[in-house]
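Residue numbers (the numbering used here): 13 to 346.
So this is what it looks like as structure tokens:
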């Protein structure tokens, strides 16, 4: 480009072509550097076993492991779904993972809710009662207790922490017999209270809400609310509670699943079949064939088990995003 063209600000066609060639050369050099960087990143990822999120790389081994794990997790559900479509005769005469000669899913569902004067519906209502009152109360107590332990300082706080950690380490089945003896002295066995009261205590839920409250609720925000004249209850319900939503959902899911699947506690606490939850009721149907003159109804047991897990599947699917964010709480230090 001539000095005259540069001084006047006018670029000749030859100068435009030179600038275009220089730009294309620079772009080719940039693409080559990017390709070299990606190649180096793949080598690094292959050695470490992990891939960069911005530069994903498929691993056949990890894909195979995930596929095996998925099959392991989904196999029981597929088994229930397939065998719930069979009659009792097809259930005993056909392959377990193959469909029967008759598609009897709807007939099985109707029979489940009408068998023995519709006692399955009573078991379902009992389970919902234990979950709503027991798991709901456990979640509420865990929220309030965890928040208080996280945001208030008082004598004996470390001792409470040690008690909670100790309670988490003790399996619930080890406490079932002492609980039975205690409730027998209080004449509460064979009543709904024998299921509801033990379900109100969730040491893991309390610990989870304690840790989550420490991370999710800034102390400065509480001090600002107190300066503005808000009471502790108003601060908790209007300021802190919305921030604790992910932790609340996570705790609720854990307590709901624990109460819904509880088996050993109602087994020793309840004798009246009218107060059975679904777990004990379905087990009674399963053992019916082994009694004298009992009728084998495995098709109803399978169908009832499929109906039993549907509410839990719906709950997890609807609350999955809150559950995932709740599990990540406290993982990063800011």
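Virtual Cβ for every residue (Gly too), placed ideally from N, Cα, C.
Quiz item: Taking one C-beta from the region 166-177 and one from the region 225-242 each time, how about it: are there three or more such pairs within less than 8 Å?
Solution: no
Quiz item: Between residue 212 and the rest of its own chain, which residues show a CB-CB distance below 7 Å, the 5 nearest in sequence each way excluded?
Solution: Taking the first residue of the chain shown as 1, we reach residue 212 at position 200. Contacts found: 146, 149, 150 and 153.
Quiz item: Would the beta-carbon of residue 123 fall within 8 Å of that of residue 282?
Solution: Taking the chain shown and counting its residues from 1, the one referred to as residue 123 is at position 111. Taking the chain shown and counting its residues from 1, the one referred to as residue 282 is at position 270. No, these two residues do not count as a Cβ contact at 8 Å.
Quiz item: To the nearest angstrom, how far is it from the Cα of residue 214 to the Cα of residue 321?
Solution: Walking along the chain shown from the start, residue 214 turns up at place 202. Walking along the chain shown from the start, residue 321 turns up at place 309. One C-alpha to the other measures close to 22 Å.
Quiz item: Looking at the structure shown, is residue 19 part of a helix, part of a strand, or coil, going by DSSP?
Solution: Sequence index remark: in the chain shown, residue 19 carries index 7 (1-based). Its pLDDT being 48, under 50, residue 19 is placed unreliably in this model, and the value from its coordinates should be taken loosely. Judged by DSSP in its simplified three-state form, residue 19 adopts helix.
Self-check item: Reduced DSSP category for residue 108 - H, G, I as helix; E, B as strand; rest coil
Solution: Locating residue 108 in the chain shown gives position 96, counting from the first residue. Note: residue 108 maps to coil in three-state DSSP.
Self-check item: Inter-residue spacing [alpha-carbon to alpha-carbon] between residue 11 and residue 265
Solution: Limits of the chain in this structure are 13 at one end and 346 at the other, which puts residue 11 out of reach.
Quiz item: Under the three-state reduction of DSSP, which class applies to residue 317: helix, strand or coil?
Solution: Residue 317 sits at position 305 when you count from the first residue of the chain shown. Residue 317 falls in the helix class under three-state DSSP.
Quiz prompt | Where the alpha helix (DSSP H) containing residue 123 begins and where it ends | solution = Against the chain shown, residue 123 aligns to sequence position 111. Residue 123 -> alpha helix (DSSP H) spans 117-126.
Quiz item: I think residue 318 touches residue 116, with their Cβ atoms under 8 Å apart; what is that distance to the nearest whole Å?
Solution: Translated into the one-based positions of the chain shown, residue 318 becomes position 306. Translated into the one-based positions of the chain shown, residue 116 becomes position 104. At roughly 13 Å, the Cβ-Cβ gap does not stay under 8 Å, so residue 318 and residue 116 are not in contact.
Practice problem: Closer than 6 Å by C-beta to residue 271: which residues in its own chain qualify, once you throw out the five before and the five after it? Chain order, please. | Solution: Counting from 1 along the chain shown, the entry for residue 271 is found at position 259. 142, 143, 146, 147 and 211.
Quiz item: What is the DSSP secondary structure of residue 202, counted as helix, strand or coil?
Solution: For the purposes of this step, residue 202 is identified with residue 190 of the chain shown, where counting begins at 1. Coil.
Exercise. Kindly confirm or deny that the region 252-264 and the region 197-204 touch, where touching means at least three C-beta pairs closer than 8 Å.
Key: no
Quiz item: For residue 190, does the three-state DSSP call read helix, strand or coil?
Solution: Position 178 of the chain shown, counted from the first residue, corresponds to residue 190. Helix at residue 190.
Quiz item: Is the distance from the Cβ of residue 276 to the Cβ of residue 209 below 8 Å?
Solution: Within the chain shown, residue 276 is the residue found at index 264, counting from 1. Within the chain shown, residue 209 is the residue found at index 197, counting from 1. Not in contact: residue 276 and residue 209 (Cβ atoms no closer than 8 Å).
Quiz prompt | Those runs of the beta strand (DSSP E) which lie wholly inside the region 118-181 and span at least 3 residues | solution = For secondary structure counted as the beta strand (DSSP E) over 3 or more consecutive residues, the region 118-181 holds no complete run.
Exercise. Would you check if there are 3 or more beta carbon pairs closer than 8 Å linking the region 94-110 to the region 154-171?
Key: Here the region 94-110 does not lie against the region 154-171, with fewer than 3 beta-carbon pairs under 8 Å apart.
Exercise. Figure out for me which residue from 75, 39, 74 and 280 has the closest Cα to the Cα of residue 187.
Key: As a position in the chain shown, residue 187 is number 175, starting the count at 1. It is 280 whose Cα lies nearest to the Cα of residue 187.
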